[in-house]
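Below you'll find the structure, written out as structure tokens, and then a few comments.
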Amino acid sequence: MLEWDFLYQPFITYFHVMALFKRDPWILDIYRTYSGKNHLYIRGRALEDQPLKHYEQQTFYQTLRNTWRTFKTDEIRNASVGLTLPNGTQFETKADHEGYFLFDITVDIDLEDLSDDEGYLSLAVKFDEDNAAFAKAKKQKRLAKNSFNGETLIPPQSAVYGVISDIDDTIMHTGVTSFLKIRVAFNTFFKNYDRRLPLKGAASLYQLLHRGPSGNDQNPMFYLSNSPWNLYKYLEKFLDFHGFPKGPILLRDFPTPWDRTPKLKRPHKVHELLNILKHYPDMNFILIGDSGEHDVDYYKDVAQQYPDRIMAIYLRSVNHDKKMARVKSIADSFTICPMLLVQESKEAVIHAREMGWII
3 MLEWDFLYQP
13 FITYFHVMAL
23 FKRDPWILDI
33 YRTYSGKNHL
43 YIRGRALEDQ
53 PLKHYEQQTF
63 YQTLRNTWRT
73 FKTDEIRNAS
83 VGLTLPNGTQ
93 FETKADHEGY
103 FLFDITVDID
113 LEDLSDDEGY
123 LSLAVKFDED
133 NAAFAKAKKQ
143 KRLAKNSFNG
153 ETLIPPQSAV
163 YGVISDIDDT
173 IMHTGVTSFL
183 KIRVAFNTFF
193 KNYDRRLPLK
203 GAASLYQLLH
213 RGPSGNDQNP
223 MFYLSNSPWN
233 LYKYLEKFLD
243 FHGFPKGPIL
253 LRDFPTPWDR
263 TPKLKRPHKV
273 HELLNILKHY
283 PDMNFILIGD
293 SGEHDVDYYK
303 DVAQQYPDRI
313 MAIYLRSVNH
323 DKKMARVKSI
333 ADSFTICPML
343 LVQESKEAVI
353 HAREMGWII
């Protein structure tokens, strides 16, 4: 069981059971992902659900209602899904038994030519209209539309390096080191995104890294968390509201007790870290995490595998003496790249500026 499974599992199981008794519209959630010049890597999920609406200054009741709807998901198993690019090129795939679908395709199209100035490729995803299940849902008037928009990042040529960052207690006050993670539960289920606090100076640091040494490099930003995909919209709103640079948000599936999905051979964060590095073999990276969980181990191992491609590791200090002592011991003996423990964002800003990575 991974570090947060015990916290979310009872809620997810309950909402899965309750969802069996309600018939919602069919929708496709498309997560902002990352792709390459000739490679599409698009994730999403087919659901029976009302589109979730997050907005500022919600009441406590509205926040609870949104929390209910966030975890009350009823997947559409084995749905046939089609993807259309701006030039009309189409691809097809099928969702798994949890409703998740993935387009992982090498193409003979230069996807950079279809992207905007920031490196984002717009796309449309829809249900296969020739599928019998679709015809039944349409007859039941469970489809208000059958075109759902999304986007994927293709780092522009101007990018000098990439940044891969943890979210929890790295850019957002979460409380992963609190007793039984009680603070995590309270923040997740009872606080709206506009009432969550970013760590001081984090957004400014990330904007500087995004703009790079020229001030206009548009370096790609990748955000990692062990939170479930259910929280994608919530985290996306948090990042936008607090002024963090736009970037893919990479979460994970939380299995239900009856889920038979094969487990990843590596932890989720390690899997995504390595996948990003393999996607962009000519790009170097700065890794940012915290000292409270396993980031130091994940980042250390990745740096050892790719010693020439990890520029620096920044780890935010947490209020936990035992964990801090362990992380400091690792950082002090680490020689592959700079590994800095920072109390505040300004310490990372000073170091990155000295290295010539930001202006």
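Counting the sequence shown from 1 gives a position; my numbering is that position plus 2. Glycine is no exception: its CB is placed at the ideal position from the N, C-alpha and C atoms.
| Item | Value |
| --- | --- |
| When burial is assigned at 16 or more other CB atoms within 10 Å of the CB, is residue 355 buried or exposed? | exposed |
| In terms of alpha-carbon separation, which member of 109, 97, 243 lies closest to residue 128? | 97 |
| Return the first residue and the last residue of the alpha helix (DSSP H) that residue 298 is part of. | 297-307 |
| Based on the DSSP output, what are the partners of residue 224 in its beta bridges? | 166 |
| Using 10 angstroms around the beta-carbon of residue 99, count the other beta-carbons present and answer buried if the total reaches 16, otherwise exposed. | exposed |
| List the residues that DSSP assigns as beta-bridge partners of residue 230. | 254 |
| Candidates 170, 38, 31: which alpha carbon is nearest residue 48's? | 31 |
| Are the beta-carbon atoms belonging to residue 44 and residue 125 less than 8 Å from one another? | yes |
| What are the partner residues of residue 204, as DSSP defines its beta bridges? | According to DSSP, residue 204 bridges with nothing at all. |
| Can you determine whether any heavy atom of the ligand MG sits closer than 7 Å to the C-beta of residue 77, and answer yes or no? | As presented, the structure is devoid of all ligands, the ligand MG included, so that no description of it is given. |
| Between 39, 135, 33, which has its C-alpha nearest residue 82's C-alpha? | 135 |
| Once you ignore the five residues that flank residue 244 on each side, which residues in its own chain have a CB closer than 7 Å to its CB? | 200, 205 |
| Given a cut-off of 8 Å, decide if residue 347 and residue 203 are closer than it, judged by their beta-carbon atoms. | yes |
| If we ignore side chains and look at the alpha-carbon of each, how far apart do residue 227 and residue 131 end up? | 34 Å |
| So, using beta-carbon positions, are residue 289 and residue 166 closer together than 8 Å? | yes |
| Using 8 Å as the limit for Cβ to Cβ distance, is residue 105 near chain E? | Structure shown: chain E not included; a single protein chain is present. |
| Under DSSP, the beta strand (DSSP E) around residue 355 begins and ends at which residues? | Residue 355 -> not in any beta strand (DSSP E); alpha helix (DSSP H) instead, spanning 347-356. |
| For residue 292, write down the residues that DSSP places opposite it in a beta bridge. | 318 |
| Over the uninterrupted beta strand (DSSP E) stretch that includes residue 327, give me the two end residues. | Careful: residue 327 lies outside any beta strand (DSSP E), inside the alpha helix (DSSP H) at 323-335. |
| Where are the alpha helix (DSSP H) runs, 4 residues long or more, that stay fully inside the stretch 100-149, in chain order? | 134-141 |
| Indicate the three-state DSSP secondary structure (helix, strand or coil) for residue 213 in the structure shown. | helix |
| Would you call the CB atoms of residue 1 and residue 247 closer than 8 Å? | In the structure displayed, the chain extends from 3 to 361; residue 1 sits before or after that span and is not available. |
| Can you give the Cα-Cα distance for residue 359 and residue 339, rounded to whole angstroms? | 14 Å |
| From this set, 230, 335, 212, which residue's C-alpha is nearest residue 120's C-alpha? | 212 |
| Counting along the chain, where does the alpha helix (DSSP H) carrying residue 280 start and finish? | 270-281 |
| Looking at residue 169 and residue 39, is the spacing between their C-beta atoms short of 8 Å? | no |
| Suppose the cutoff is 6 Å on Cβ atoms and the five residues either side in sequence are ignored; what does the same chain contact list for residue 286 look like? | 163, 311, 313 |
| Can you say whether residue 302 is buried or exposed, counting buried as having 16 or more other CB atoms within 10 angstroms of its CB? | buried |
| Among all the DSSP beta bridges, which residues are the ones paired with residue 246? | In the DSSP output, where bridge partners are listed per residue, residue 246 has none listed. |
| Can you give me the Cβ contacts of residue 260 inside the same chain, cut-off strictly under 6 Å, excluding the 5 residues immediately before and after it? | Only weak support is given to the placement of residue 260: the predicted model assigns it a pLDDT of 48, under 50, and the question is left unresolved by the model. |
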